[in-house]
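Peer 1:
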Amino acid sequence: MMTASASIEHAIDLKAISKVYPNGVQALDGLTLKVRKGEIFGLLGPNGAGKSTLIKCLTGLVHPTSCRGSVLGYPVGDPQVCRLLGYLPENATWPEHMTAEQALDFAGRLHGLSPKARRERAIDLMRAAGLEAWRHDRPRHFSKGMRQRLGVAYALMGDPEMVFLDEPTDGVDPVGRKEMRDLIRSLKREGKTIFINSHLLGELEMVCDRMAILTRGRVVRHGSLEELTLESCRYEVSVSGNLSQDSGMVDLVQRLGGTLNLSADRMESRIYLPTRRPHLVQPVVDAVRRQGYLLLSVTPARQSLEELFIEAIRGGGAHDLLDDVQD
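According to the working numbering, the sequence shown is numbered sequentially starting from 17.
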């Protein structure tokens, strides 16, 4: 089987990719992105941000309007690289007359596997996906979680080096989500690169090594969860008294890019400064003391992934794109 060069550091290396659909909708706008080989990478974004369009471009299903970049060392869309990729679409379906095993056998035929190899591969994958007991059942009778796991098995029939999963746990119950996470982690242990599209922050937070936030067809944040939350670390300055009545303090907080909140009884003020550089907090502390207020505490506080996501999306000016526009 053809494989990518072992010397390649990045499974995906996009310097600029754009996609404008015939109706004028710009789904991708000069997007840049790097995904390391062997990692679980998550792409977060609101509905219509361009997530599915990006996967379709990377897997050769949609032609980008312009692109400078590679997948597993091959130019994006190169037919050669498609043989190295597996893909689970958001809503995978199979012919109603097929059983689960027959669906996987069909995928094996497409990859040119022998009958013996197809059967062995299908049984191994159904066992790994927890579906061996249902191999003779039709997928139309499966739960959403079972269908999604069958979809992953289908995507793996050709033993790809990289797997794209589009919303793999959307609409799946908690048990099904846990089973999907376990399956994804097992793929990483096999050395595969996994690329997950999702708007479910909690799911990506539990399974991904690194992630990126996409809005309006551009990546606005990227890194590990640790890097993302540390980057957005802010300081909370708690002060006794109502600072909202002090125009000088309000002006200082605004100039430093901070926000001022009051406790429910309006007897305590909390100043939030979006910085992890302590020296920028000092002007606020000095002003508090100079004005005679009682300083209660100064503490660093990291944003949650949800807070970071909302801030990034608002900052990026997200708007409704049609992610599923037909090419």
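All residues carry an ideal CB built from backbone N, CA and C; glycine is no exception.
Within a Cβ cutoff of 8 Å, which residues of the same chain sit near R137, ignoring the five residues on either side of it in sequence?
Peer 2: For R137, where only same-chain residues beyond five positions count, the Cβ hits under 8 Å are L120, G124, L129, M173 and D175.
Peer 1: Select from E284, I33, L104 and R306 the residue whose C-alpha is nearest the C-alpha of L312.
Peer 2: Nearest option by C-alpha distance: E284.
Peer 1: Taking only runs that begin and end inside the stretch 154-186, name each unbroken beta strand (DSSP E) of 3 or more residues, in chain order.
Peer 2: Runs of the beta strand (DSSP E) inside the stretch 154-186: 178-182.
Peer 1: In the DSSP output, which residue or residues are listed as bridge partners for F325?
Peer 2: F325 pairs with nothing; no bridge assigned.
Peer 1: Alpha carbon to alpha carbon, how far is E242 from V255? Give it in angstroms, no decimals.
Peer 2: When rounded, the distance between both Cα atoms is 29 Å.
Peer 1: In whole angstroms, what is the alpha-carbon distance linking W110 and S68?
Peer 2: Approximately 20 Å between the Cα atoms of the pair.
Peer 1: Quickly, what does DSSP pair L70 with across the bridge? List them, please.
Peer 2: According to DSSP, which records beta bridges pairwise, L70 is partnered with nothing at all.
Peer 1: Consult DSSP for D343 and reduce its assignment to one of helix, strand or coil.
Peer 2: Summary for D343: the model assigns pLDDT 32, below 50, so the residue's position carries little reliability; its value from the coordinates is reported in the next sentence. Residue state, collapsed to three classes: coil.
Peer 1: Looking at the unbroken alpha helix (DSSP H) that takes in R306, where does it start and where does it end?
Peer 2: Unbroken alpha helix (DSSP H) run through R306: Q298 to R306.
Peer 1: Helix, strand or coil: which one does DSSP assign to S263?
Peer 2: In this structure, S263 counts as helix in the three-state DSSP scheme.
Peer 1: List the residues that DSSP assigns as beta-bridge partners of A227.
Peer 2: Rather than Ala, the amino acid found at residue 227 in this sequence is Met. According to DSSP, M227 bridges with G58 and G239.
Peer 1: Determine whether the beta carbon atoms of K204 and G54 lie at a separation below 8 Å.
Peer 2: Yes. Within cutoff.
Peer 1: Taking G192 as part of the alpha helix (DSSP H), name the residues at either end of that continuous run.
Peer 2: Here the alpha helix (DSSP H) through G192 covers P190 to R205.
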